[in-house]
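S.K.:
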Amino acid sequence: GTNASTERMRIDSSGVVSIKNEVAPTLRIENTDTSLAANQTIGDIDFYQNDPSGTGAGVVSKIRSLNSSSFQGEAALAFHTGTTGGLEEAMRIDVSGNLLIGRTDNFTGTHTVVVEGLGSSECMALNARSSDGAALTVYKDGATVGSIGARGGDVYLETGDTGIRMYDQSDAIIPVGSA
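Just so we're aligned, residue 240 is where the sequence shown starts under the numbering used here, counting upward by one.
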């Protein structure tokens with residue numbers, strides 16, 4: 240066979256990094272520590288700004304890989320966003336695939352999406368931008384078991400053909416049948 244050199248990586252004059260591979264171009268960040276502890280950082284991808292105004296130049300967001308176990312090769316991904324006080328973890332995907340927003344652990348171990356607000360702030364907003372209908376649908380084993388939504392400017396909670404509607408015009412909670 241031939242031993243011809245082939246360009247695999249290039250950093251151009253504008254700083255763009257190009258990784259070339261026919262099968263699967265890969266950027267590999269390798270931590271060479273052979274005894275990683277739980278919650279130890281494996282590696283970061285930092286997003287850096289050079290604008291000196293405000294709080295100045297520096298890392299303004301990052302994606303961090305965290306070792307989840309001291310012996311099994313399990314890892315989580317944490318997404319940090321910049322604030323005037325520094326970087327704060329905003330979201331994490333844990334080793335089980337759970338999406339954690341505003342917290343770093345799945346407090347019961349049974350949730351797929353966990354959202355936690357701070358203090359008196361709301362922890363989640365649902366905004367249906369179309370006609371009346373469900374903003375949140377609840378499923379059990381793939382079957383719909385209920386929904387929360389808007390109808391005529393009011394909020395409703397339904398399960399199948401039974402529900403309640405918070406009726407603003409008369410400050411009442413009224414039973415409703417099928418939507």
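Note that the Cβ used here is the ideal one computed from N, Cα and C, for glycine as well.
Using a Cβ-Cβ cut-off of 8 Å (strictly less than) and excluding sequence neighbours within five positions of A389, which residues of its own chain qualify?
M.R.: Along the sequence shown, read from residue 1 onward, the residue named residue 389 stands at position 150. Here the set comprises A367, D371, G372, A374 and Y395.
S.K.: How is the beta strand (DSSP E) around Q288 delimited, first residue to last?
M.R.: Here residue 288 corresponds to residue number 49 of the sequence shown, with the count starting at 1. Q288 -> beta strand (DSSP E) spans T280 to Q288.
S.K.: When DSSP labels each residue in this structure, what does A418 get in the three-state scheme?
M.R.: Within the sequence shown, numbered from 1, the residue matching residue 418 stands at position 179. Caution applies to A418, whose pLDDT of 45 falls short of 50 and renders its modelled position unreliable; the model cannot decide the point.
S.K.: Counting pairs of beta carbons, one from the segment 245–263 and one from the segment 274–286, are three or more of them closer than 8 Å?
M.R.: At 8 Å Cβ cutoff, the stretches do not touch.
S.K.: Do A317 and R331 have their CB atoms nearer than 9 Å?
M.R.: Your numbering for residue 317 matches position 78 in the sequence shown. Your numbering for residue 331 matches position 92 in the sequence shown. Yes, these two residues count as a Cβ contact at 9 Å.
S.K.: With DSSP collapsed to three states, give me the class of D272.
M.R.: Here residue 272 is taken as the residue at index 33 of the sequence shown, counted from 1. It is coil, neither helix nor strand.
S.K.: Kindly list the residues whose CB is nearer than 7 Å to the CB of S308, restricted to its own chain and excluding five residues on each side of it in sequence; keep chain order.
M.R.: For the purposes of this step, residue 308 is taken as the residue at position 69 of the sequence shown. A277, listed in sequence order.
S.K.: If you measure between the beta carbons of S239 and L326, is that distance less than 9 Å?
M.R.: Within the shown structure, residues of the chain are numbered from 240 to 418, placing residue 239 beyond reach of any answer.
S.K.: In this structure, what does DSSP give as the bridge partners for V420?
M.R.: What the structure shows of the chain is the stretch from 240 to 418, and residue 420 is not part of that stretch, so it cannot be assessed.
S.K.: Taking M363 and V354 to be in contact with their CB atoms under 8 Å, please state how far apart those CB atoms are, rounded to whole angstroms.
M.R.: Stepping through the sequence shown from its first residue, residue 363 is reached at position 124. Stepping through the sequence shown from its first residue, residue 354 is reached at position 115. Contact holds; Cβ gap of about 5 Å.
S.K.: For D272, count neighbouring Cβ atoms within 10 angstroms of its own Cβ and tell me buried if that reaches 16, exposed if not.
M.R.: Counting from one through the sequence shown, the residue named residue 272 turns up at place 33. It is exposed - the Cβ of D272 has fewer than 16 other Cβ atoms within 10 Å.
S.K.: Can you tell me whether N270 is buried or exposed, with buried defined as 16 or more other CB within 10 angstroms of its CB?
M.R.: One-based indexing of the sequence shown puts residue 270 at position 31. When all chains shown are included, N270 counts as exposed.
S.K.: Going by DSSP, what residue range makes up the beta strand (DSSP E) through S370?
M.R.: Position 131 of the sequence shown, counting from 1, holds the residue named residue 370. No beta strand (DSSP E) holds S370; DSSP gives it neither H nor E.
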